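Each residue of the sequence shown is one higher than the one before, counting from 92 in the numbering used here.
Even glycine gets a Cβ: it sits at the ideal position worked out from N, Cα and C.
Note that the coordinates shown come from a computational prediction; the quantities given were computed from them, not determined experimentally.
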Amino acid sequence: MTYNRFAYLYDQLMNDVPYEKWLQFVKDVFEKYEMINPTIVDIGCGTGTLPILLAKQNFSISGVDLSEEMLSVAMAKAEHERVQIPFYQQNMMELEGFEDLDCVTIFCDSLNYLESKDQVKQTFEKVYESLSENGLFLFDVHSPYKIEEIFGEDTFFIDDAELSLVWSCTQGDQPLSVEHDLVFFMKEENSDFYERFEEYHNQMTFPINTYQSLLEQIGFEVKEIRADFHEEVEETSERIFFIAMKK
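Okay, here's the thing in C-alpha cells:
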C-alpha cells in the first residue's frame, strides 16, 4: 500500500508519533548487542523522521520506502536538517542492492501492510540476504489485540482549523485484518472552503508465534520479543517488537 496525498500531510497529522522511543529502542539494542558503528537500512522509512534522528546520532543509515511521495518529503526534510541519507524507492518484498548490513529495521507497523503470510516470509528472506552474519533485524507489528479490540469497528477524529481527518476502521475479510477509510478535509488557501479527499489502507497481522516461526525457518535466531518498546508481552499489548539475528 502506498501513501498518496496523505504523504504530504502525514507529519502534520501524526505529530504525536513517538519516534524518540524508536530511536532509544535502536540505541539500547545496539548497546546490548555491542554493535559499533553499524550500517543500517530502515525499510518503510516514510517521511524519514527516524532515519534523520539516527543520522544525527552519527549512524550510517539509508531509507527505503515504496511511496514516491513519502520519499520526496523525506529527502526535503533531510536536506533541511543537513544530514546525508540515501533514500531508495523499493518494495520491501523485492529488496535489493544491499549486502553485509549490520542492521535492518522495519518500524511503525510498516510490515502490517503486507497482504499474506507468504509476503511476510518473502520480505524476511530479502532482509536475511541483505544482512551480514550476526546482523540484526528489528521490527514491530500490530498485535492481534490491537487489530481486533483497538481498531475493531471504531472511528477516530483529528480536528484542526486547517486540516481535519475522519479515520474509520472496519474488520477486513481476512483474519486479523483491518480496513482504514481516511477522509481528509483541508482548508483551501485564502478561502473558507475545504477540499475533501479520501485514501484507503489495509493492514493485517499474525500471531506472535507465526512471525517467530517464519524467522526461524529462514535462519534467524529470535533473540527477544517485547511489547510496546520495552515491556513484557501481555494479552493487551498493542505493539510487538522482535529482535532477530542472522545465523
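*Helix or strand or just coil, what does DSSP make of Lys-285?*
It should be pointed out that residue 285 corresponds to Tyr in this sequence rather than to Lys. In the three-state scheme derived from DSSP, where H, G and I count as helix and E and B as strand, Tyr-285 is classed as strand.
_Per-residue DSSP class, three states only, for Met-92_ = Its pLDDT being 43, under 50, Met-92 is placed unreliably by the model, and the measurement read from it follows with that caveat. Met-92 sits in coil when the DSSP states are folded into three classes, being neither helix nor strand.
*Asn-293 in three-state terms, based on DSSP*: It is a strand residue.
*Is the beta carbon of Glu-216 sitting closer than 9 Å to the one on Asn-293?*
Result no, Cβ atoms of Glu-216 and Asn-293 do not sit closer than 9 Å.
*CA nearest to the CA of Trp-258, picked from Asn-128, Gln-265, Ala-252 and Glu-270*: Among Asn-128, Gln-265, Ala-252 and Glu-270, the Cα nearest to that of Trp-258 is on Glu-270.
*Please classify Ser-158: does DSSP put it in a helix, a strand, or coil?*
Correct three-state label for Ser-158: coil.
*With a threshold of 16 other CB atoms inside 10 Å of the CB of Tyr-94, please say whether the residue is buried or exposed.*
The pLDDT assigned to Tyr-94 is 48, lower than 50, so where the model puts this residue is not dependable, and the model offers no usable value.
*Beta-carbon proximity list for Phe-178, same chain, < 6 Å, skipping 5 on both sides*: These residues qualify, in order along the chain: Gly-154, Leu-162, Ala-165 and Met-166.
*So what does Val-211 bridge to, in DSSP terms?*
None; Val-211 has no bridge partner.
*Taking Met-184 as the reference, which of Asp-191, Asp-200, Phe-198 and Val-211 has the closest Cα?*
Of the listed residues, the one whose Cα sits closest to Met-184 is Val-211.
*Would you check whether the ligand ADP has a heavy atom nearer than 8 Å to the C-beta of Met-166?*
No copy of the ligand ADP occurs in the structure displayed, which carries no ligand at all.
*Determine which residues share a DSSP beta bridge with Arg-173 and list them.*
Answer is none; Arg-173 lacks a bridge partner.
*Could you tell me which of Leu-273, Ser-255 and Ser-221 sits nearest to Ala-130, measuring between CA atoms?*
Inspection of the sequence shows that residue 130 is occupied by Thr rather than by Ala. If we check each option's Cα against that of Thr-130, Ser-221 comes out closest.
*Residues of its chain near Met-92, where Cβ-Cβ distance is below 7 Å and the 5 sequence neighbours each way are ignored*: A caution first: Met-92 carries a pLDDT of 43, below 50, which makes its placement in the model unreliable, though a value can still be read off. Cβ contact annotation for Met-92 (same chain, cutoff 7 Å, sequence separation greater than five): Tyr-204, His-292 and Asn-293, in chain order.
*Are there three or more Cβ pairs, one per stretch, closer than 8 Å when the region 136-155 is compared with the region 166-175?*
A contact exists between the region 136-155 and the region 166-175.
*Have a look at Lys-337 and Val-108 and give me their C-alpha separation to the nearest angstrom.*
Going from the Cα of Lys-337 to the Cα of Val-108 covers about 29 Å.
_Assumed close pair Ile-309, Tyr-219 - CB separation to whole angstroms, cut-off 8 Å_ = Distance from Ile-309 to Tyr-219 at the Cβ level is roughly 5 Å; contact confirmed, criterion being Cβ atoms closer than 8 Å.
*May I ask which residues mark the beginning and end of the beta strand (DSSP E) holding Phe-247?*
Where Phe-247 is concerned, the enclosing beta strand (DSSP E) stretches over 246-249.
_alpha helix (DSSP H) segment containing Ala-252, residue limits_ = Where Ala-252 is concerned, there is no enclosing alpha helix (DSSP H), given that its DSSP letter is neither H nor E.
*Could you check the C-alpha separation between Lys-208 and Glu-325 for me, to the nearest Å?*
Rounded to whole angstroms, the separation of the alpha carbons of Glu-325 and Lys-208 is 23 Å.
_Burial state of Thr-196 (16 or more Cβ within 10 Å)_ = With 16 or more other CB atoms across the displayed protein chains lying within 10 angstroms of its CB, Thr-196 is buried.
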